[in-house]
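One structure is given here, and the rest of the page talks about it.
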Amino acid sequence: MTLLRCFWKELVFSVVLAIIRLCVMFVGPVLIQSFVDFTSGKRSSEYEGYYLVLILLVAKFIEVVSTHHFNFQSQKIGTLIRSTLIPALYEKGLKLSFSARQDHGIGTIVNYMAVDTQQLSDMMLQLHAVWMMPLQVAIGLFLLYNCLGVSVITAFLGLLGVFVLAVINTRRNNRFQYNVMKNRDSRMKAVNETLNYMRVIKFQAWEEHFDQRITGFRQTEFGWLSKLMFSLCGNMVVMWSAPLLISTLTFGTAILLGAQLDAATVFTTTTVFKILQEPIRTFPQSMISLSQALISLDRLDTFMLSRELLDDSIEREEGCGGQTAVEIIDGTFSWDDDNTQQNLKNINFEIKKGNVSAIVGTVGSGKSSLLASILGELRKISGKVRVCGSVAYVAQTSWIQNGTIEENILFGLPMDRQRYDEVIRVCCLEKDLEMMDYGDQTEIGERGINLSGGQKQRIQLARAVYQDCDVYLLDDVFSAVDAHTGSEIFKECVRGTLKGKTTLLVTHQVDFLHNVDQILVMRDGTIIQSGKYDDLVDSGLDFKALVVAHETSMELVEQSVVMPAENLNRPTKSPGVTSIHKGTSAESNSLEQVESSKKSSKLIKEEERETGKVSLHIYKLYCTEAFGWWGITLVLVLSLLWQGSLMASDYWLAYETSEESGMFNPSLFISIYAIITAVSVILLVTRYYLFTLLGLKTAQIFFTQILRSILHAPMSFFDTTPSGRILSRASSDQTNIDVLLPLFMGVVIAMYITVLSILIVTSQNSWPTVFLIFPLILLNIWYRGYYLASSRELTRLDSITKAPVIHHFSESIAGVMTIRAFRQQRNFCRENRKRVNANLRMDFHNYSCNVWLGVRLELLGSFVFCISALFMIMLPSSVIKPENVGLSLSYGLSLNAVLFWTVYMSCFIENKMVSVERIKQFTDIPSEPAWNIKDHVPPSNWPGQGNVNIKDLQVRYRPNTPLVLKGITLSINGGEKVGVVGRTGSGKSTLIQVFFRLVEPSVGKIIIDGIDISILGLHDLRSRFGIIPQEPVLFEGTVRSNIDPIGQYTDEEIWKSLERCQLKDVVAAKPEKLDSLVVENGENWSVGQRQLVCLGRVILKRSRLLFMDEATASVDSQTDGVIQKIIREEFAACTIISIAHRIPTVMDCDRVLVVDAGRAKEFDKPSNLLQRQSLFGALVKEYANRSTEL
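Counting from 1, one number per residue, gives the positions in the sequence shown under this note's numbering.
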């Protein structure tokens, strides 16, 4: 209704155009009678013929102009609808409550925006067909009645039958369509998840499992798709054969009733049927389109009505007096909209202005939820929340936009150099920016893919500090940074720049707690203690336990720090080492450098855009992919035969109604006509089904190809290709190949053949037309080329400008908490409108092009047709027979429309062929080495000892980028525990990636238990190692499918591993036990719990070689202690290589490896390293002094 209220004026205008078009459409058939009479000598004046031609010309002219204006208007309304809906959906997306966001999921929300709004705008073209059809049919029947009298009843019944069939079919198609869309949604969700967590999937060698999962969704989708396509096929058959069938029946009735059939009558009748074919053919289509639009409207409605966050749940006051900055009184909060479970209960606290408070507690105790409740992200069930001044928030899982580092920090504010440099300094980003070639102009990939965890955290922090708010909520900012950086940030930032601001800090670092004004201790969603450090320690309880756990780990460190004081100066980096590392990344050091000679700071490559014609090669690929040349040849032959049968029927009519046939034999006439009709229908059916089969098979082949290609692609491909680009191929391009190409390719072939038949018939009867046909064809070809050049580029630009809209959309929904906390909704909506406009602009030009082409081609066609009519009048009647005039006119009247549609549809197909081209681009990605190599299968118990030898290992990310690891040589004995330490970005994580061959070494090799890992298949290699990655990743599904995706363990084993990793009680407490739900990204589990699940996976896998990358970064000291203990017990005999920021975790390792700027600087027992002056000693010293320094 709202849409109607917005756009009624435009709608009325298009209705007027439609009516004008209706009036002139039937002028042609009415004139046939007069033309036939004129040539057979019944004429009122010499010039009557010229008047007839003139009237014909004027009528055609009006028809052409009104038709195309009508199309243009309708599409314009469609564009307007999209331009209002998409920003509205976007704004809604920024207001959704947490559980509403869970219900829809990012994938589906993006679909609402990409698919559903498109369907609404497509419907505008079809809308008018619904009320115009009855009108057209009524006029048609009236004309027939004039020719044939009562036998029109048969025609009416025939049309009614076709119509009923169409409606039934359409309803069935809608059911199929709905199921196709539903399954496509779930397939897209699975693809999206796979792309987001590709790194983890590769580490664990799970590609095959995800392949099966996506293929499974695709199979059900494909099942429904086949039903839909064959059903549409049936529709088409009925529509195309209707004119012939109905005219057979009508003529039969007329003969029975003894009506007189002459040339004029017969051809007026067939022409009217041809004209009626159009509304009847489009009607079901418009019904489909309408009902799809209604389904979409309904989906959009549900989305627009889903729960929003209530703004009034929090009292926000700007610049209020008084002492309190934040307070909650008797607060009870829930993540759920239906209040089924209370996540936070009886929360009472108040924080004074300018105080620094810390929130501590074990994993899953509700610390992050508490911050979210202050932001108003949870649903308030009862109580009161008051916040004074503006709020800045730094999330635990970092959210970084795709853009430069500077843009991320400014976050929409103008640049203030002095403040900006200060922010960079206190967030310890100076060093990192120096290391990057382009400093703060370095472009960050999607989801911050080319930054280490620590860098992302610090950029987030810098963003918050730059905003200069009154209240700061920092969620575990110290987890991803090393000890030194952590204390530096606490000193310079929290205690420095933010002095005088109110800060709330969630943290696991007990060292900082001496220096905060207030500590809140949480357990199970309630605050159980609050107060100062010393008071809390004295009171015993939970806090005491945390502190004790921390102190035991610190004792290890402190015992070892017996060093002479002069060694305390931090080792300075040697001058030659400063610019080693590009993009210091712990989880994927990959800063794309396309050509380092040219120094381009673009990480994300510009999307490839093929220009010029879609090559014939692509057509050949599409047509011969399924059944080779046989399939397509058969289709062509059948099409030719079918058109031949149509022409045969008309020639038979002309022959029978002519004077020479002498005796008119009704029964012979009608039986031959019926036989021709039957043959025609059989040919039609075979042709359609064959082509649909071909199309479906091709679609499936392409899908398997692109899926295989993407799963086999090396990691570097995903670092440099935004997932939006892959997703748009999997969604819209795949849809084009699934549905549109098979549907329309057949139509185009049929149309070309129809044009041919019209030209043959016309020139055969008025031979001078031949001279016109040649220029006509040339002009058409020229126009087609001229139009296609623009239209194809516009279509490509349309696809390319669509990706940024989708990308920005999904990015914003992922970072919605941050955007809301900083009150940046308006800026983001503005950016969204900017991107939507850029995309719709292409769309607008695209269909303006179509109208341009249409008007010109149709006028040409009409002009040629009128001239050929003129010849018919001027030639003496001895040369041209009246029945042939009828035949020619009945064919010629449709010439202009058919010509235009043929050219237009072939262009449409060419534009859709771009999808084949785009999918083909991604089917030949250079793949990583083979997953399994038959000749080099490692023994089943390998690695049995776990001895590791690294020989002169040198690694660079891509050819012509600098080395990241510069010649590391060392050997590790089986069962040794090795800790790897080093500053952020020294190449620690790269080392692990080389073991898993996510990055292949350029020089050197790694030998494990006597086997050189570079000769093994990747899956054989990766599946034998255990890894706990830096980012704990959970997939959508259940607890069981997350701990054991491939399903190779029993429930008993799974429970055992859950018990080992401290999750048994949590899981057992849930009603569904192992089948408890895990939502997208595992958002219904806390980050610490996700880390424990990852530990559970490794315990199940039981490999002799275990890698840990910051495995305990986001858990508290207590849980950390537990995890370390589990690892010591479970993996006593295994070799463990562990990267750590927490010094206590490496203190009990057998040996420590210190990596600095890509070289192995020290490798020895921790105790030995501490006795001499060493880098490690300095790190330990820093860590130990941290608490005292602050």
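Using N, Cα and C, we set each Cβ at its ideal position, and we do this for glycine too.
Model, not experiment: these values are computed from the prediction.
Just verifying my parser: in three-state terms, what is the DSSP assignment at residue i?
i	result
M188	helix
E1031	coil
T362	coil
R1159	strand
E46	coil
K934	helix
N765	helix
E430	helix
Y533	helix
K1064	helix
F996	coil
V130	helix
L310	coil
G505	Just to set this straight, residue 505 is Leu in the shown sequence, not Gly. Strand.
G1026	strand
C233	helix
F1107	strand
K697	helix
Rounded to the nearest angstrom, what separates residue i and residue j at their Cα positions?
i	j	result
L1106	T1119	20 angstroms
R570	C428	For R570, the predicted model reports a pLDDT of 35, less than 50, meaning its position is unreliable and no value from the coordinates is stated.
E595	P959	In this prediction, E595 scores a pLDDT of 31, lower than 50, which makes its location untrustworthy; the coordinate-derived value is nonetheless stated afterwards. So the alpha carbons of these two residues sit roughly 9 angstroms apart.
A1160	R1060	34 angstroms
K1070	L165	52 angstroms
K456	E430	14 angstroms
W942	R1022	12 angstroms
G331	L370	10 angstroms
T698	K920	13 angstroms
Q593	L641	Reliability fails at Q593, whose pLDDT of 31 lies under 50, so the model's placement of it is uncertain and the value that follows must be treated cautiously. Answer to the nearest angstrom: the Cα atoms are 58 angstroms apart.
Y1258	T795	Lying before the first or after the last residue shown, residue 1258 is absent from the chain, which here runs from 1 to 1190.
G886	T265	9 angstroms
N837	S289	25 angstroms
C1149	F1163	12 angstroms
I1011	T1135	16 angstroms
A654	I618	43 angstroms
I675	G258	21 angstroms
S585	G985	Low local confidence applies: a pLDDT of 33 at S585 is under 50, so the model's placement there is unreliable, with the coordinate-based value given in what follows. Answer to the nearest angstrom: the Cα atoms are 5 angstroms apart.
S487	R725	40 angstroms
I813	I314	22 angstroms
R1104	N932	20 angstroms
Assuming residue i and residue j make a contact with CB atoms under 8 angstroms, what is their CB distance in whole Å?
i	j	result
R523	G361	6 angstroms
V994	V955	6 angstroms
I1139	I1013	Their Cβ separation, rounded to whole angstroms, is 19 angstroms, which puts I1139 and I1013 out of contact at 8 angstroms.
D116	S306	About 14 angstroms separates the two Cβ atoms, so there is no contact after all.
V1039	S1076	5 angstroms
I400	I459	6 angstroms
G746	Y688	6 angstroms
Mind pulling the alpha helix (DSSP H) runs of 4 or more residues that sit fully within the region 627-685?
628-656
For the region 737-747 against the region 944-960, do three or more pairs of beta-carbon atoms, one drawn from each stretch, fall closer than 8 angstroms, so that the two count as touching?
no
Is the region 350-361 close to the region 499-507, with three or more CB pairs under 8 angstroms?
yes
Meets three-Cβ-pair contact criterion under 8 angstroms: the region 461-479 and the region 525-542:
no
Segments assigned alpha helix (DSSP H), at least 4 residues, entirely inside the region 43-105:
Fully enclosed alpha helix (DSSP H) runs of 4 or longer: 48-95.
Does the region 74-93 come close enough to the region 54-62 that 3 or more CB-CB pairs lie under 8 angstroms?
no
Inter-stretch contact (C-beta, 8 angstroms, three-pair minimum) for the region 855-862 and the region 880-900
The region 855-862, when compared against the region 880-900, does touch it at the 8 angstroms Cβ threshold.
Could you give the uninterrupted runs of the alpha helix (DSSP H) lying entirely in the region 791-838, keeping only those of 4 residues or more?
816-821
On the three-pair Cβ rule with 8 angstroms, is the region 217-232 touching the region 153-160?
no
Mind pulling the beta strand (DSSP E) runs of 3 or more residues that sit fully within the region 380-415?
391-394
Would you call the region 844-851 and the region 68-85 in contact, with 3 or more CB pairs under 8 angstroms?
yes
Which runs of the beta strand (DSSP E) fall wholly inside the region 120-177 and span at least 3 residues, in chain order?
Listed in chain order, nothing qualifies, since the region 120-177 has no complete beta strand (DSSP E) run of 3 or more residues.
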